[in-house]
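Residues 45 to 810 (the working numbering) are what the first sequence spells out, left to right.
Note that CB positions come from ideal geometry on N, CA and C, so glycine has one too.
A quick write-up on the structure given underneath.
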Amino acid sequence: MEKKKDFLRAIVEEDLASGKYEEVVTRFPPEPNGFPHIGHAKAITINFGIARDFGGRCHLRMDDTNPVTEEEKYAKAIEDAVRWLGYEWDGPVRHTSDYFERLYHYAVELIQMGKAYVDSLSEEEIREYRGTVTEPGRRSRYAERSVEENLDLFERMRKGEFKDGEHVLRAKIDMSSPNMQLRDPLLYRIRHARHMRTGDEWCIYPMYDFAHCLSDYIEGITHSFCTLEFENNRAIYDWILDTLRLGPPRPYQYEFARLNMNYTVMSKRKLKELVDSGKVSGWDDPRMPTIAGYRRRGYTPESIVNFCNAIGISKANSVVDVAQLEHAIRDDLNPKAPRVMCVLDPLKVVIENYEGSEELEASYYPHDVPKEGFRKLPFSREIYIEREDFSEHPPKGYYRLTPDQPVRLRHAYIIRCKEVIKDEEGRITEIRAEYYPDSKSGADTSGIKVRSAIQWVDAATGYRAEVRLYDRLFRVENPQGPEDLNPDSLRIVQGALVERAVIEEKPDERFQFERQGYFYPDPVDSSDEHPVFNRIVSLKDSWAKKSKKEEKSTKETAAKATQPKPEGAKKEERKESSGGEGRVAPLDEAQRRIFDRYRKKLGLKEEQANPLARDETLRTLFEAGLEHGAAPVTLANLILNEVARELKNFSLGELRYGPEALAELATMIDDERISVKIAKQVFEEMSKSGESPASIVEAKGWEQISDPKAIRPVIEEVLEKNPENVVKYREGNQKLFGFFVGQVLKATGGKANPRLVNELLIQALG
RNA sequence: UGGGGUAUCGCCAAGUGGUAAGGCAACUGGUUUUGGUCCAGUCAUUCGGGGGUUCGAGUCCCUCUACCCCAUCCA
Numbered sequence: 045m046e047k048k049k050d051f052l053r054a055i056v057e058e059d060l061a062s063g064k065y066e067e068v069v070t071r072f073p074p075e076p077n078g079f080p081h082i083g084h085a086k087a088i089t090i091n092f093g094i095a096r097d098f099g100g101r102c103h104l105r106m107d108d109t110n111p112v113t114e115e116e117k118y119a120k121a122i123e124d125a126v127r128w129l130g131y132e133w134d135g136p137v138r139h140t141s142d143y144f145e146r147l148y149h150y151a152v153e154l155i156q157m158g159k160a161y162v163d164s165l166s167e168e169e170i171r172e173y174r175g176t177v178t179e180p181g182r183r184s185r186y187a188e189r190s191v192e193e194n195l196d197l198f199e200r201m202r203k204g205e206f207k208d209g210e211h212v213l214r215a216k217i218d219m220s221s222p223n224m225q226l227r228d229p230l231l232y233r234i235r236h237a238r239h240m241r242t243g244d245e246w247c248i249y250p251m252y253d254f255a256h257c258l259s260d261y262i263e264g265i266t267h268s269f270c271t272l273e274f275e276n277n278r279a280i281y282d283w284i285l286d287t288l289r290l291g292p293p294r295p296y297q298y299e300f301a302r303l304n305m306n307y308t309v310m311s312k313r314k315l316k317e318l319v320d321s322g323k324v325s326g327w328d329d330p331r332m333p334t335i336a337g338y339r340r341r342g343y344t345p346e347s348i349v350n351f352c353n354a355i356g357i358s359k360a361n362s363v364v365d366v367a368q369l370e371h372a373i374r375d376d377l378n379p380k381a382p383r384v385m386c387v388l389d390p391l392k393v394v395i396e397n398y399e400g401s402e403e404l405e406a407s408y409y410p411h412d413v414p415k416e417g418f419r420k421l422p423f424s425r426e427i428y429i430e431r432e433d434f435s436e437h438p439p440k441g442y443y444r445l446t447p448d449q450p451v452r453l454r455h456a457y458i459i460r461c462k463e464v465i466k467d468e469e470g471r472i473t474e475i476r477a478e479y480y481p482d483s484k485s486g487a488d489t490s491g492i493k494v495r496s497a498i499q500w501v502d503a504a505t506g507y508r509a510e511v512r513l514y515d516r517l518f519r520v521e522n523p524q525g526p527e528d529l530n531p532d533s534l535r536i537v538q539g540a541l542v543e544r545a546v547i548e549e550k551p552d553e554r555f556q557f558e559r560q561g562y563f564y565p566d567p568v569d570s571s572d573e574h575p576v577f578n579r580i581v582s583l584k585d586s587w588a589k590k591s592k593k594e595e596k597s598t599k600e601t602a603a604k605a606t607q608p609k610p611e612g613a614k615k616e617e618r619k620e621s622s623g624g625e626g627r628v629a630p631l632d633e634a635q636r637r638i639f640d641r642y643r644k645k646l647g648l649k650e651e652q653a654n655p656l657a658r659d660e661t662l663r664t665l666f667e668a669g670l671e672h673g674a675a676p677v678t679l680a681n682l683i684l685n686e687v688a689r690e691l692k693n694f695s696l697g698e699l700r701y702g703p704e705a706l707a708e709l710a711t712m713i714d715d716e717r718i719s720v721k722i723a724k725q726v727f728e729e730m731s732k733s734g735e736s737p738a739s740i741v742e743a744k745g746w747e748q749i750s751d752p753k754a755i756r757p758v759i760e761e762v763l764e765k766n767p768e769n770v771v772k773y774r775e776g777n778q779k780l781f782g783f784f785v786g787q788v789l790k791a792t793g794g795k796a797n798p799r800l801v802n803e804l805l806i807q808a809l810g
């Protein structure tokens, strides 16, 4: 685990180091209302992976609070997926429904505190009362019910005295909160529905916002990771836990970006549409981005986990290139999968000068895969090669068999084309060839140079197979609907031929069909009588790319030269379109006067005078600082840059320093007692401890070093330690100058006068 | 539109004031009995735009812009 840490791991590490928690406990909490997809795989590797990395535990919890959408079969699929990916949850599979009774009591507690009430508004009324994102909502008239009445009503809700929708339980928070989630969120609703686990025991069910935080708490979860769309819900998460005054260890919620991938869809709804409309064969159709789909296709769990680890974790909405997934599976299979031969589109080759048959010894693994194993490969007069591997009129750069170019049959002999036989339509039906007896693989004394070796299958002993070639499900990167489906996402090849060993020996589950890709027997449809292979992923094919490009470019030039786009056009476009200045509200009369005064009397720049004139808080501080004799410009910079940052999180009254401290700091800068760099450190210290700048500087010994005699030796040392960078700098790498300054400053604890360091460094570096 | 987020290479993604990591993709060249793998190399004078602070800014301040999330009795 010596990898760079993502931000979630950084949080966990810090919480463990600070002693906030003794052990990390995470959870993977899916709602069992659909089949898990690769996005779930990301959440699984995060939750289970972090627990594993830090020696903690991870729970699997079915978030089953909505009985009408959830089913056991989905829960089962989720368990399978987690196990398949190689993780084991701590303890039993948990369910939010395990906690229904406790949750109910927490709700009662909230009612008793006057923090929750039974609302009897209709669904539409509730919506109406909620307001909009710009207008505040208003509280329901039922919010004033007494604790007793609420208790009574809530109990009767539980007893089933009311119909669906008659009442709900809501938290009493704030109907005018700018955060919509906080406008008295619903805690419980009545649902007379059969729950997949609790049956008819309950007719009221807790909402996500109420159940999730408390379930986390009940289980002792420390870090509750979820996706970005729950950012706004974090406030309720904290409100409930805080209001109930639940003691440590208390969980906290952190959000990361969900996984998106191009050329596919990830939403449950859209996936379901594909299944229901029959566009795919089911949730486990090998083209689906579901775990079941990838699994059936032949992806290994390792490749999925590796993929999830490779894409990283962040808060930026992003779309991962499916090429990254394809790389993960190739990378995983390359050193594992035995190589065998398969011909998808067979073209008969008769080797006229070969009689009888023999069995060649052929390794399953290429020279660069450190695995052992081989099979006997039958060879005889009649074989099949890939139709693509012969060309009567080859394009430039074609390495395979042509009338003039011999080719090696992999693991066997070199052959030469003698004659091309065609049917009446001109289609090639057969190649008559001859082989070179002294060119046998491993004992080649023929001296013939060939450009490539191609796969083949012996006619007499090969097996027929069905091969399913999958391509991306959608033709466009960001598909919107069925109209974007790729019509060629599945190509079924019925008449493929595979070599004997694939069927009779089965050296492994997954194969590389040489020069084609990685393949996996379809777990549903394949049998020895009717073998069916799924192409997991093709091999990279630089020839296909090259020939396609050439074809395209000749087409383009033939279609007359199109205007080439000027270099860097794209970048410039972007710059122009987004560079426009937005309007800022002009200063009013009074602000204008202050602005003018600051400009003329105090000599402030426009950039300083403007925000000070505008912002009363900053201005008050500034004016007060002036009274203490600070130079206006330095003070203004201090306030505008440093204080402004703190004012984003605190009010003026909360600051631990006043205008006189700021003035003192400004004066120290102007007197060159400390550098600006150190001043920022002093400021930080000051805002933490409330000490005066002078005492901080004295205590820390932060006085500026402005004596060249003290600095020169440091410079020499730095240059001595970095001879290669000195060379690079002298060769013209100007950027390195900053590096040297940094090193010198670091060596002096930041105390050296940077301006002086710059001067001396220029001299020293000549 | 109020609030909450996010912007670093074609795609992911590190980076917490001092030389813009890494992976994928792409492109050279080498090795190769897979046009695979592997190896060597190329690929951000610049971090959404503009200003400011600083000796020095992707990182601090101001401002603008774009995109995502929130008005389910879904999660």
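For GLN368, the three-state secondary structure derived from DSSP is helix. Annotated three-state conformation of ALA456 is coil, per DSSP.
In the structure shown, LYS48 adopts coil according to DSSP, grouped into three states.
A straight-line Cα-Cα distance of about 32 Å links ALA588 and GLY322. When TRP246, ASP282 and THR266 are compared, the shortest CA-CA separation from ALA215 is found for ASP282. DSSP, read as helix, strand or coil, puts LYS593 in helix. A straight-line Cα-Cα distance of about 25 Å links GLN538 and PRO333. The three-state secondary structure of THR664, taken from DSSP, is helix. Counted as a single uninterrupted DSSP element, the alpha helix (DSSP H) harbouring ASP286 occupies residues 278-287. In this structure SER184 touches LEU165 by the C-beta definition: roughly 5 Å separates them, less than 8 Å.
Under DSSP, PHE557 forms a beta bridge with VAL384 and GLY561.
In the structure shown, the three-state DSSP call for TYR514 is strand.
The Cβ atoms of LEU147 and PRO250 sit closer than 8 Å to each other. Straight-line measurement puts the Cα of VAL770 at about 45 Å from the Cα of GLY99. Counting along the chain, ASP640 sits inside the alpha helix (DSSP H) bounded by residues 633-644. Annotation for LEU226: ILE217, ASP218, ALA279, ILE280 and TRP283 place their beta carbon closer than 8 Å to its own, counting only its chain and skipping 5 residues before and after.
Remark: C-beta atoms of TYR307 and VAL366 approach each other more closely than 8 Å. Distances from the alpha-carbon of ILE459 to those of MET106, ILE806, SER490 and ARG302 put SER490 closest. Under the three-state reduction of DSSP, SER582 is assigned to strand. Assigned with DSSP and collapsed to three states, LYS692 falls in coil, not helix or strand.
TYR514 places its beta carbon less than 8 Å from that of ASN578.
One thing to note: VAL520 has its Cβ no nearer than 8 Å to the Cβ of ALA540. Here GLY158 is not near VAL212, since their CB atoms are 8 Å or more apart. The beta carbons of ALA796 and VAL762 sit no closer together than 8 Å. As summarised for the stretch 147-213, the continuous alpha helix (DSSP H) elements at least 4 residues long and confined to that stretch are 167-173 and 191-203, given in chain order. Excluding the 5 residues flanking it on each side, VAL758 has same chain C-beta neighbours closer than 8 Å at VAL788, ALA791, THR792 and ALA796, in chain order.
For the alpha helix (DSSP H) assignment, the uninterrupted runs of no fewer than 4 residues enclosed by the stretch 741-810 are, from N- to C-terminal side, 752-765, 767-774, 780-791 and 798-809.
Three or more Cβ pairs closer than 8 Å define a contact, and the stretch 52-71 falls short of that threshold against the stretch 311-326.
As the crow flies, the alpha-carbon of ILE94 is around 15 Å from that of LEU129. Secondary-structure assignment with DSSP links PRO250 through a beta bridge to TYR232. For PHE79, the three-state secondary structure derived from DSSP is coil.
Comparing alpha-carbon positions, the option among PRO575, ALA680, ASN350 and TYR701 lying closest to LYS86 turns out to be ASN350. Following the DSSP letters along the chain, one finds THR70 inside the beta strand (DSSP E) bounded by residues 69-72. With fewer than three CB-CB distances shorter than 8 Å, the stretch 129-144 does not count as touching the stretch 228-238. No Cβ-Cβ contact shorter than 8 Å links ARG331 with SER582. When secondary structure is reduced to three states using DSSP, GLN499 falls in the coil class, being assigned neither helix nor strand.
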